[in-house]
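*Asks:* Numbering (the numbering used here), first residue to last: 4 to 404.
For every residue, glycine included, the Cβ atom is placed at its ideal position computed from N, Cα and C.
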Amino acid sequence: MGEVIPPSLLYSTLMKIAFATLDKALDIENRSGRQYYTARSLVTQGIHVSYIDELQDLNSLFYKGKAFLNNRVLRKFLPLPRYLWRKEPTVLRGYAAQVSDRLTSSHDLMLTDTVYPLSYLTCEQPVVIWTDATFAGMVDFYPGEKDLSQSSLEKGHKAEKAALDKVHLAIFSSAWAAQTAVEHYDIDPNKVHVVPFGANLEIRPQRTLSDIENLVDQRRDKDLNLLFIGVDWVRKGGEMALDIVDHLNTLGVKAALSILGCKPKIRADQRDYVNVLGYIPKNTPRGMKEIKRLLSTSHFLLLPSRADCAPRALCEANAFGVPALTTNVGGIPSIIRDGVNGKLFSVDAKAEDYSLNILKIINNEDEYERLALESFKEYRSRLNWGVAGAQVKHLCEELLA
Numbered sequence: 004m005g006e007v008i009p010p011s012l013l014y015s016t017l018m019k020i021a022f023a024t025l026d027k028a029l030d031i032e033n034r035s036g037r038q039y040y041t042a043r044s045l046v047t048q049g050i051h052v053s054y055i056d057e058l059q060d061l062n063s064l065f066y067k068g069k070a071f072l073n074n075r076v077l078r079k080f081l082p083l084p085r086y087l088w089r090k091e092p093t094v095l096r097g098y099a100a101q102v103s104d105r106l107t108s109s110h111d112l113m114l115t116d117t118v119y120p121l122s123y124l125t126c127e128q129p130v131v132i133w134t135d136a137t138f139a140g141m142v143d144f145y146p147g148e149k150d151l152s153q154s155s156l157e158k159g160h161k162a163e164k165a166a167l168d169k170v171h172l173a174i175f176s177s178a179w180a181a182q183t184a185v186e187h188y189d190i191d192p193n194k195v196h197v198v199p200f201g202a203n204l205e206i207r208p209q210r211t212l213s214d215i216e217n218l219v220d221q222r223r224d225k226d227l228n229l230l231f232i233g234v235d236w237v238r239k240g241g242e243m244a245l246d247i248v249d250h251l252n253t254l255g256v257k258a259a260l261s262i263l264g265c266k267p268k269i270r271a272d273q274r275d276y277v278n279v280l281g282y283i284p285k286n287t288p289r290g291m292k293e294i295k296r297l298l299s300t301s302h303f304l305l306l307p308s309r310a311d312c313a314p315r316a317l318c319e320a321n322a323f324g325v326p327a328l329t330t331n332v333g334g335i336p337s338i339i340r341d342g343v344n345g346k347l348f349s350v351d352a353k354a355e356d357y358s359l360n361i362l363k364i365i366n367n368e369d370e371y372e373r374l375a376l377e378s379f380k381e382y383r384s385r386l387n388w389g390v391a392g393a394q395v396k397h398l399c400e401e402l403l404a
């Protein structure tokens, strides 16, 4: 009979990670559930995770006031550059101090999803970051990082460089983000790895190709259902999504668009085929059920983003065998493989380009089924949190070996 391992000894052999993040780590509503699912992906791998979360913005009142005055008031009247208060060394030192105070000798390593606590952090444990972008990648890409002041640029790059130099593992969700880290901050490529995030939904691990085939069969001979998911209507390309469904209907295609995550204004004539749902919470059984219903009954996900890092909506769509029609920007090409689990369009593509591609696919049932099944295969093989957590666990084990 094998030796029985006492629970106390078994617990002591678990890898113990401190997960540091600015927000409440176990709130599924924060940042679309990013921290929640990141932490859970590690816990399900048998890792003991303790949380250094809800970090306070210490000594930040002056800088927040400066940002409000500059960005929200004066920029309405004067051509002033944007100011980023979180790049101030005083604020960053406050985050680092809180993490240092809450780390203990029982932690094997510290993992974070953001550089903010790292620039001035001092600790004995190895440090790992698992995130979706660098400051260099965001500058002049996301609206909030455009037209920055010289001071914010210099402080931002300096802080990012210090943080990335400090980490022992820099894990990014896309090749794009990893490339910006190496090229702009000259960090050692050997410590850089790419591990995509998963779908931020509760999905049965027993789901099979047969389940997806049933969903595809249920979509046959139905009017074309398109789904847009996004809180940021402008950045996610919401107007383009409307143009696409408009164009399809002018071609005589009975196409409907459901808009999940926001409430944009639409024209009166669009109300016959555009359903504005607003935000549906994931932290209620009713909300989760409705989101799953929308995904199950949609033929395509439309996400013509102007700028994006790692939109989990793409993974969520693939989990239901829904191909994604999106743009070749930022980290999206590490999620969607052109012609495999969706289609990548130029950010300059027109609504007609999307419409013609949709018509080409839906007029060929075999091609649509292939695309839908391949979408699920991509989710099952690399776009789920189980696979992601296992890869990060392996990297951490190698680091500690």
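#1: Among I262, V195, P146, which has the Cα closest to the Cα of K169?
#2: Count the C-beta pairs between the stretch 349-360 and the stretch 316-336 that are closer than 8 Å, then say yes if the count reaches three, no if not.
#3: In its own chain, which residues sit with a C-beta less than 6 Å from the C-beta of L234, not counting the 5 before and 5 after it?
#4: Alpha carbon to alpha carbon, how far is L45 from H397?
#5: Can you give me the start and stop residues for the beta strand (DSSP E) that A352 sits inside?
#6: For a quick check, are the C-beta atoms of L121 and A180 less than 9 Å apart?
#7: Rounding to the nearest angstrom, what Cα-Cα distance links L230 and L29 in this structure?
#8: Express the C-alpha separation of V102 and L58 in angstroms, rounding to a whole number.
#9: Would you grab the beta carbon distance between E163 and A202 for me? Rounded to a whole angstrom, and I think it's under 8 Å.
#10: With the cut-off set at 9 Å, would you say L218 and G324 are in Cβ contact?
#11: Could I get the ranges of all uninterrupted alpha helix (DSSP H) runs contained in the stretch 121-204, with 4 residues as the minimum, in chain order?
#12: Taking R96 as the reference, give the member of Q38, I365, D60 with the closest Cα.
#13: Tell whether a beta-carbon distance below 9 Å holds between R85 and S155.
#14: Taking 8 Å as the threshold, find out whether the stretch 31-40 comes into contact with the stretch 272-287 through three or more Cβ pairs.
#15: With DSSP as the reference, label D311 as helix, strand or coil.
#16: Count the other CB atoms, across all protein chains shown, that sit within 10 Å of the CB of P192; report buried if there are 16 or more and exposed otherwise.
#17: Quick one, which of R383, V52, P326, S337 has its alpha-carbon nearest K364's?
#18: On the DSSP bridge assignment, give the partners of T115 in chain order.
#19: Name the one or two DSSP bridge partners that A99 has.
#20: Using a Cβ-based criterion (distance less than 8 Å to any ligand heavy atom), does F231 qualify as near the ligand ZN?
#21: Quick check on this structure: which residue in I335, A404, A320, T183 has the alpha carbon closest to the alpha carbon of S378?
#22: Spell out the partners DSSP gives V52 in its beta bridges.
#23: Applying the 10 Å Cβ sphere with the 16-neighbour rule, what's the burial state of A375?
#24: Could you tell me whether the Cβ atoms of I247 and P314 are closer together than 9 Å?
#25: Would you mind working out which of Q153, D226, V118 sits nearest L3, comparing C-alpha positions?
#26: Quick one: residues in its chain with C-beta nearer than 6 Å to the C-beta of G281, no 5 flanking neighbours on either side, listed in chain order?
#27: Taking only three categories from DSSP, how would you classify V395?
#28: Could you check the C-alpha separation between T41 and G255 for me, to the nearest Å?
#29: Exposed or buried, what is Q48 when buried is set at 16 or more other beta-carbons lying within 10 Å of its beta-carbon?
#30: Among the residues of its own chain, which have a CB less than 7 Å from the CB of L12, if the five just before and after it don't count?
*Replies:* In brief:
#1: The count along the sequence shown starts at 1 and reaches residue 169 at position 166. Nearest option by C-alpha distance: V195.
#2: Counting Cβ pairs under 8 Å, three or more are found: they touch.
#3: Taking the sequence shown and counting its residues from 1, the one referred to as residue 234 is at position 231. It is worth fixing the name first, because residue 234 is Val in this sequence and not Leu. In its chain, beyond the 5 residues on either side, G264, C265 have a beta carbon closer than 6 Å to the beta carbon of V234.
#4: Along the sequence shown, read from residue 1 onward, the residue named residue 45 stands at position 42. Along the sequence shown, read from residue 1 onward, the residue named residue 397 stands at position 394. Taking the straight line joining both Cα atoms gives about 11 Å.
#5: Stepping through the sequence shown from its first residue, residue 352 is reached at position 349. Bounds of any beta strand (DSSP E) do not take in A352, whose DSSP letter is neither H nor E.
#6: Looking up residue 121 in the sequence shown gives position 118. Looking up residue 180 in the sequence shown gives position 177. Going by C-beta atoms, L121 is not nearer than 9 Å to A180.
#7: The residue labelled residue 230 in the question sits at position 227 within the sequence shown. The residue labelled residue 29 in the question sits at position 26 within the sequence shown. A straight line joining the alpha-carbon of L230 with that of L29 spans about 28 Å.
#8: The residue given as residue 58 occupies position 55 in the sequence shown. The residue given as residue 102 occupies position 99 in the sequence shown. Going by C-alpha positions, L58 is about 8 Å away from V102.
#9: The count along the sequence shown starts at 1 and reaches residue 163 at position 160. The count along the sequence shown starts at 1 and reaches residue 202 at position 199. Contact between E163 and A202 does not hold, since the beta-carbon distance rounds to 28 Å and is not under 8 Å.
#10: As a first step, residue 218 is located in the sequence shown; it is residue number 215 there, counting from the start. As a first step, residue 324 is located in the sequence shown; it is residue number 321 there, counting from the start. Using a Cβ distance threshold of 9 Å, L218 and G324 count as a contacting pair.
#11: When DSSP assignments are scanned along the stretch 121-204, the uninterrupted stretches of alpha helix (DSSP H) that are 4 or more residues long and fall wholly within it turn out to be 138-141, 153-169, 178-188.
#12: For the purposes of this step, residue 96 is taken as the residue at position 93 of the sequence shown. Here the closest residue by C-alpha is D60.
#13: Taking the sequence shown and counting its residues from 1, one reaches residue 85 at position 82. Taking the sequence shown and counting its residues from 1, one reaches residue 155 at position 152. Yes; because the gap between Cβ atoms is below 9 Å, this pair is in contact.
#14: Note that the stretch 31-40 touches the stretch 272-287; at least 3 beta-carbon pairs, one per stretch, sit closer than 8 Å.
#15: Translated into positions along the sequence shown, residue 311 becomes position 308. Coil.
#16: Mapped onto the sequence shown, residue 192 falls at position 189. Exposed, because fewer than 16 other Cβ atoms sit within 10 Å of the Cβ of P192.
#17: Within the sequence shown, the letter at position 361 stands for residue 364. Note that residue 364 is Ile in the sequence shown, not Lys. Cα-wise, what sits closest to I364 is P326.
#18: The sequence position of residue 115 within the sequence shown is 112, counting from 1. DSSP output for T115 lists A23, I132 as bridge partner(s).
#19: Counting from 1 along the sequence shown, the entry for residue 99 is found at position 96. In the DSSP output, where bridge partners are listed per residue, A99 has none listed.
#20: Ligands displayed in this structure: none; no statement on the ligand ZN is therefore possible.
#21: As a first step, residue 378 is located in the sequence shown; it is residue number 375 there, counting from the start. Nearest C-alpha to S378: A320.
#22: On the sequence shown, position 49 is the one that residue 52 refers to. Beta-bridge pairing links V52 to I20.
#23: On the sequence shown, position 372 is the one that residue 375 refers to. With 16 or more other CB atoms across the displayed protein chains lying within 10 angstroms of its CB, A375 is buried.
#24: Working through the sequence shown from its first residue, we reach residue 247 at position 244. Working through the sequence shown from its first residue, we reach residue 314 at position 311. Not a contact, by the Cβ cut-off of 9 Å.
#25: Summary: the structure shown does not reach residue 3, with the chain confined to residues 4 through 404, and so no result is reported for it.
#26: To locate residue 281, count along the sequence shown from 1; it is residue 278. Cβ neighbours of G281 beyond the five flanking positions: K266.
#27: Translated into the one-based positions of the sequence shown, residue 395 becomes position 392. Three-state result, V395: helix.
#28: Residue 41 sits at position 38 when you count from the first residue of the sequence shown. Residue 255 sits at position 252 when you count from the first residue of the sequence shown. Our two residues, T41 and G255, have alpha carbons roughly 44 Å apart in a direct line.
#29: The residue labelled residue 48 in the question sits at position 45 within the sequence shown. Within 10 angstroms of the beta-carbon of Q48 lie 16 or more other beta-carbons, which makes it buried.
#30: Here residue 12 is taken as the residue at index 9 of the sequence shown, counted from 1. Confidence is the limiting factor: at L12 the pLDDT is only 36, short of 50, which leaves the residue's position unreliable, though a coordinate-based value still follows. For L12, where only same-chain residues beyond five positions count, there are no Cβ hits under 7 Å.
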